[in-house]
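Enquirer:
Chains as they are written, first to last, in UniProt numbering: chain B, 1 to 317; chain E, 1 to 442.
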């Protein structure tokens, strides 16, 4: 009887609790709804519409999907380039970042100088860094090919060669490795020294210490670097666009249309194609389809990495 | 459950309302009185000092004639910016808009983004057929909708280095494609290391103004059939054009070495332009290049580009394009905006003065024959190209210049030797253009 009498009061209390929880969650909920939920729903909606951003949208069924998946010749190269960069660039950045991190933690003298020197390129604005790289690697006038030529090496055409354009972008990304170096350096310095001492007492060499002490301690950080790297590379845009435009040597003026991806679409990524379709051709429907494809791939890869933990994390991590 | 359903229905309805409300709400009107005080916003693409000075002087002349209308001009505006701004709408959107390319006119007209000027012309008694040359009217309209008018034109021809010609013993500019190849080979100078000191005529499509559609104009191709479908695979001239450009490249060392040489060229609009620095002996360009040639350390001349060997009667033709101007759909001062558009495009003295100032081809019949026009023979050559009956402009398309972009992409592959079956490639290109155009249709 007492329980029945208190039931409304309990319900009111529970409701207050829920409201309080919702109140605390509301900034995130509002942000998530406005900046993620609504845009995602809108993207799905517009992927079935003809919409040129002037006239009202009209329903066209699967036409946009068929156009992107069957008729748009640039979709294949853009997807291939994006995935290539995800695999190669992310892997090399992680390996290189870890290598530099190891190096700067082992250096005995001039630590501050080397850490600063490796970190500084990361602070360069992406456009400026890309402009500098395109200039340095210009096959006709760049100093790099001059130097390589002088020592008898036949240098590639870098950003002007479809086979070398993506590796050149990878080179640019490795130059700006400062972000990963700092993260790995912090993780490496966090490994308990006692574990190394114990391993040394057991007769472990450098390789074994890395395999059995360092690696298990830093795998969550490696996992973090891989997942964020995959997500960032899926959105790779600025450097590829700037490098392609500059290396092509095509004039950019008020009346000119510059297609991204020079040379031979080798630097065309899906985000560039989304922009080109959505805000140059105003083919909103097709741009939304591409965005959804990109979102689905990013989600799938991230989920796979998180589920399987890429074989990096043990059950206890 | 009904409450949950009602909540879900409310959320979905709100979402649907939000999404379907995305049609641009900015609608302008032509109800304004053009004699009342008003400030017009005019966006244009000119950015060079002399060009900005010339358009500002034009605006000053207009304001003197229409003291009630003030014009706030913004320069260096790209088509992408115009496109995005007119879609975004708002009070800062321009009233009068211009574009340096005719490629997007079809898109501007068909989408209604630029208003049809026919009613304004009728209202103010401007007979467009009497004022403007037909080719220019064609490239400023789409399916009867005259959403733009020509604001000076551009004609493409050849600039050549007279000193290099004399050195190679060449008496006159080439008139046929065979002559072009023969002269280009004579004019090409290699370095000891196998590189280039000078190239006779670089056909590479990424060089400055060498977009494939411009040289292709020497064949006078038809891009679309009567049914509106792309017909490049059926166009005999397409194969001849690619064979000619590939042979031009091959005879001067090949596409690869030429492309590597191209990467050493300076900016097109600077004193490091490769023709200006003597790296190119002959060069495809527009009439405005003459203004940039003052610092040249050699004698130079202009001529029409050569034509195919089997069509010598068409010599004198060239590719035509130009700046176009129109009124934004969102403008609430469309009658006042029309006064500015009419003055800039149809007033003979204004058109001549502006053409002389920025070294462009005038875009009205009266201005083209005006005695006040610049009499410099290097400029006059382009006036002749503009008036040649074989000269052509690109046809407008509902999808703007996307078909030109597709042609460019395809041509890059051809010149690099990556298209092994040209017929199949052209058929695929036609399919691609048709699919893109279908996508643009509502």
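Virtual Cβ for every residue (Gly too), placed ideally from N, Cα, C.
Count the other C-beta atoms from every protein chain shown that fall within 10 angstroms of the C-beta of residue 343 of chain E, then say buried if there are 16 or more, exposed otherwise.
Expert: Its Cβ being crowded by 16 or more others within 10 Å, residue 343 of chain E is buried.
Enquirer: Under the rule that 16 or more other beta-carbon atoms within 10 Å means buried, what is residue 91 of chain B, buried or exposed?
Expert: Looking at its Cβ environment, which holds fewer than 16 other Cβ atoms inside 10 Å, residue 91 of chain B is exposed.
Enquirer: Alpha carbon to alpha carbon, how far is residue 238 of chain B from residue 219 of chain B? Give it in angstroms, no decimals.
Expert: Cα to Cα, residue 219 of chain B sits roughly 30 Å from residue 238 of chain B.
Enquirer: Name the DSSP bridge partner or partners of residue 283 of chain E?
Expert: According to DSSP, residue 283 of chain E bridges with E:159.
Enquirer: Is there a Cβ from chain E that is less than 8 Å from the Cβ of residue 100 of chain B?
Expert: Residue 100 of chain B does not count as touching chain E.
Enquirer: Which residues bound the alpha helix (DSSP H) around residue 251 of chain E?
Expert: Element bounds for residue 251 of chain E: 236-251.
Enquirer: Decide yes or no for the touch test of the stretch 35-49 of chain E against the stretch 94-104 of chain E: beta carbon pairs closer than 8 Å, at least 3 of them.
Expert: Yes, the stretch 35-49 of chain E touches the stretch 94-104 of chain E.
Enquirer: Taking the beta strand (DSSP E) that residue 198 of chain E belongs to, which residues open and close that run?
Expert: Run containing residue 198 of chain E: 196-201, per the beta strand (DSSP E) assignment.
Enquirer: Determine the burial state of residue 212 of chain B: buried for a count of at least 16 other Cβ atoms within 10 Å of its Cβ, exposed for fewer.
Expert: Exposed.
Enquirer: Thinking residue 406 of chain E and residue 436 of chain E are a contact (beta carbons under 8 Å), I'd like their distance in whole angstroms, please.
Expert: Yes, they are in contact, since the Cβ atoms of residue 406 of chain E and residue 436 of chain E sit about 7 Å apart, within 8 Å.
Enquirer: What separation, rounded to the nearest whole angstrom, lies between the Cα atoms of residue 182 of chain E and residue 173 of chain E?
Expert: Their backbone Cα atoms lie some 11 Å apart in a straight line.
Enquirer: Quick check for students: name the residue ranges of the alpha helix (DSSP H) that lie wholly in the stretch 32-60 of chain B, counting only runs of 4 or more.
Expert: Runs found: 38-46.
Enquirer: Going by beta carbon distance, what residues of the same chain come within less than 7 Å of residue 244 of chain B, once the five residues before and after it are set aside?
Expert: Cβ neighbours of residue 244 of chain B beyond the five flanking positions: 260, 261, 262 and 267.
Enquirer: Pop quiz: residue 172 of chain B and residue 128 of chain B are said to be a contact at Cβ under 8 Å. What is the actual Cβ separation, rounded to whole angstroms?
Expert: The pair is not a contact, with the Cβ atoms about 12 Å apart (cut-off 8 Å).
Enquirer: Should residue 446 of chain E be labelled buried (16 or more other beta-carbon atoms within 10 Å of its own) or exposed?
Expert: Since the first residue shown for chain E is 1 and the last is 442, residue 446 of chain E is missing from the structure and cannot be characterised.
Enquirer: So residue 120 of chain E and residue 338 of chain E are supposed to be a Cβ contact under 8 Å. How far apart are they, rounded?
Expert: Going by Cβ atoms, the distance from residue 120 of chain E to residue 338 of chain E rounds to 4 Å, so yes, they are a contact pair.
Enquirer: Would you say residue 112 of chain E lies against chain B (beta-carbon separation less than 8 Å)?
Expert: Answer yes: the Cβ-Cβ gap between residue 112 of chain E and chain B drops below 8 Å somewhere.
Enquirer: Against residue 17 of chain B, what residues of chain E qualify as contacts under a CB-to-CB distance less than 9 Å, listed in chain order?
Expert: What residue 17 of chain B touches in chain E: nothing, since even the nearest Cβ is about 20 Å away.
Enquirer: Could you give the C-beta distance for residue 198 of chain E and residue 280 of chain E, rounded to a whole number, given that I count them as a contact under 8 Å?
Expert: The Cβ separation is near 7 Å, so the contact holds.
Enquirer: Please check if any C-beta of chain B sits within less than 8 Å of the C-beta of residue 51 of chain E.
Expert: So no, residue 51 of chain E is outside the interface.
Enquirer: Which residues in the same chain have their Cβ closer than 6 Å to the Cβ of residue 286 of chain B, if we skip the five residues on either side of it in sequence?
Expert: Excluding sequence neighbours, residue 286 of chain B sits near 64, 67, 68 and 277.
Enquirer: Determine whether the Cβ of residue 160 of chain B lies closer than 8 Å to any Cβ atom of chain E.
Expert: Chain E contact via Cβ: present.
Enquirer: For residue 441 of chain E, count neighbouring C-beta atoms within 10 Å of its own C-beta (all shown protein chains included) and say buried if the count is 16 or more, exposed if not.
Expert: Exposed, since its Cβ has fewer than 16 Cβ neighbours within 10 Å.
Enquirer: For the alpha helix (DSSP H) holding residue 231 of chain B, just list the boundary residues, first then last.
Expert: Element bounds for residue 231 of chain B: 215-234.
Enquirer: By the DSSP assignment, the beta strand (DSSP E) with residue 301 of chain E in it spans what residues?
Expert: Unbroken beta strand (DSSP E) run through residue 301 of chain E: 300-303.
Enquirer: Determine which residues of the stretch 147-171 of chain B have a Cβ less than 8 Å from any Cβ of chain E, and write them out in chain order.
Expert: Taking 8 Å as the Cβ-Cβ cut-off against chain E, the residues of the stretch 147-171 of chain B that qualify are 157 and 160.
Enquirer: Taking 8 Å as the threshold (beta carbon to beta carbon), is residue 67 of chain B in contact with chain E?
Expert: Yes, its Cβ sits closer than 8 Å to a Cβ of chain E.
Enquirer: Just the C-alpha distance for residue 307 of chain B and residue 294 of chain B, rounded to the nearest angstrom, thanks.
Expert: C-alpha separation (whole angstroms): 20 Å.
Enquirer: Is the beta carbon of residue 350 of chain E less than 8 Å from the beta carbon of residue 87 of chain E?
Expert: No, these two residues do not count as a Cβ contact at 8 Å.
Enquirer: Interface residues of chain E around residue 141 of chain B at Cβ under 8 Å?
Expert: Result: 263 and 264.
Enquirer: How would you label residue 272 of chain E, buried or exposed, when you count the other beta carbons within 10 angstroms and need 16 or more for buried?
Expert: So residue 272 of chain E counts as exposed.
Enquirer: How far does the alpha helix (DSSP H) with residue 39 of chain E in it reach, from first residue to last?
Expert: Per DSSP, residue 39 of chain E belongs to no alpha helix (DSSP H); it is in the beta strand (DSSP E), 38-43.
Enquirer: Unbroken alpha helix (DSSP H) runs of length 4 or more, entirely within the stretch 147-202 of chain B: which are they?
Expert: Whole alpha helix (DSSP H) segments, 4+ residues: 162-175, 178-189 and 193-201.
Enquirer: Just list the residues that DSSP pairs residue 74 of chain E with in beta bridges.
Expert: According to DSSP, which records beta bridges pairwise, residue 74 of chain E is partnered with E:43.
Enquirer: So residue 409 of chain E contacts chain B; which residues on that side make the cut at Cβ distance below 7 Å?
Expert: By Cβ distance, chain B contributes 259.
Enquirer: Can you name, in chain order, every residue of its own chain whose Cβ lies under 7 Å from the Cβ of residue 159 of chain B, other than the five neighbours on each side?
Expert: These residues qualify, in order along the chain: 134, 137, 165, 168, 243 and 247.
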